[in-house]
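The structure appears below as structure tokens.
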Amino acid sequence: MFDGNVNANLGADENVARLCALYDGLLERSDATVSPEAETELKALAKIFDLDAERPAAELWPYVRAVLVRQAPADTPAAVPSSEPMTVLLVEDDAEAAAALTEALDAAGHRVVGPFHSAEAAEAATALHPIDAALLDINLSGEATGVDLARSLKTRWGVPVVFLSGDVSAAAANAELAAAMVIKPYTGRDVLDALARLRPTA
């Protein structure tokens with residue numbers, strides 16, 4: 001059983017390792033099961049990764065695992081244009097990651113509002129700019145989290161949210177707030193692909 005408070009402090013590698021340890025038994029035996037809490041978490045992860053969450057846990061885990069393990073550290077490839085330019089709110093409190101992602105988004109033709117390191121500043125900016133999508137880290141500086149901001153963006157403005165985080169447990173627990181999740185460490189292409197899925201090409 002997971003503890004969201006504990007896992008908020010884990011890095012992406014530790015978080016993925018925890019999930020693999022929890023669910024890999026499903027790969028070894030066709031009759032293996034997990035606790036109801038673990039199955040709920042797995043189905044939430046499947047939903048946020050745009051997988052069929054109605055499948056049994058033993059069928060879901062190989063697909064979720066592939067997504068988790070695929071997003072390992074890698075050099076960011078050259079940015080490629082998405083379906084069409086979007087105005088994107090970027091909230092990321094890691095300055096280096098925010099700068100690199102801003103560059104990738106700009107190169108792909110998107111307009112970036114931000115980057116912001118706190119939910120409070122980002123929400124104030126959203127009131128002033130029409131936003132097509134929001135890229136949100138979950139654990140931010142300031143009192144409000146990315147989850148708090150996602151809830152506000154969805155209820156007040158209907159803005160689709162993509163979580164950018166290594167905290168997969170927090171993302172799974174709040175899967176209903178996000179259209180997608182990109183696991184840290186991510187590449188610019190990972191994020192551009194997630195945005196492209198929000199607005200398919202005509």
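Mapped onto full-length UniProt numbering, the consecutive letters of the sequence shown carry residue numbers 1 to 202.
All residues carry an ideal CB built from backbone N, CA and C; glycine is no exception.
Bear in mind the structure is a predicted one, so any value in this text is a computation, not a measurement.
### Message
In whole angstroms, give me the CA-to-CA distance for Pro115 and Phe49.
### Response
Pro115 and Phe49 have their C-alpha atoms roughly 24 Å apart.
Do you know whose CA, among Arg156, Trp157, Thr145 and Thr155, lies nearest Phe163's CA?
-> When Arg156, Trp157, Thr145 and Thr155 are compared, the shortest CA-CA separation from Phe163 is found for Thr145.
task: Pull up the DSSP beta-bridge partners for Val67, would you.
output: Per DSSP, Val67 has no beta-bridge partner at all.
| message | On the CB-based measure, 16 or more other CB atoms within 10 Å of its CB, does Ser35 come out buried or exposed? | response | Exposed is the call here.
**Report entry** Simplified DSSP assignment, three categories, for Arg197
**Finding:** In the structure shown, Arg197 falls within a helical segment according to DSSP collapsed to helix, strand and coil.
Report the rounded CA-to-CA distance for Thr201 versus Leu192, giving the unit in angstroms.
-> Low per-residue confidence applies at Thr201: pLDDT is 42, beneath 50, and the placement is therefore not dependable enough to give any value.
Euclidean distance between Cα positions of Val6 and Glu143
Low confidence applies to Val6: its pLDDT is 33, below 50, so where it sits in the model is not reliable enough to give any reading.
Pairwise C-alpha distance: Asp24 and Ala194
Rounded to whole angstroms, the gap between the alpha carbons of Ala194 and Asp24 is 26 Å.
Given this structure, state the Cα-to-Cα distance separating Asn15 from Gly188, to the nearest angstrom.
About 21 Å.
Inset, instruction - Taking 8 Å as the cut-off, decide whether the C-beta atoms of Val88 and Val113 are in contact. - result: Cβ atoms of Val88 and Val113: closer than 8 Å.
Task: Of the listed residues Trp157, Glu39, Ala150 and Asp137, nearest to Tyr186 (C-alpha basis) - done: Selected option, being the one with the closest Cα: Asp137.
Beta-carbon proximity check, Pro130 vs Arg111, cutoff 8 Å
Taking 8 Å as the Cβ cut-off, Pro130 and Arg111 do not qualify as a contacting pair.
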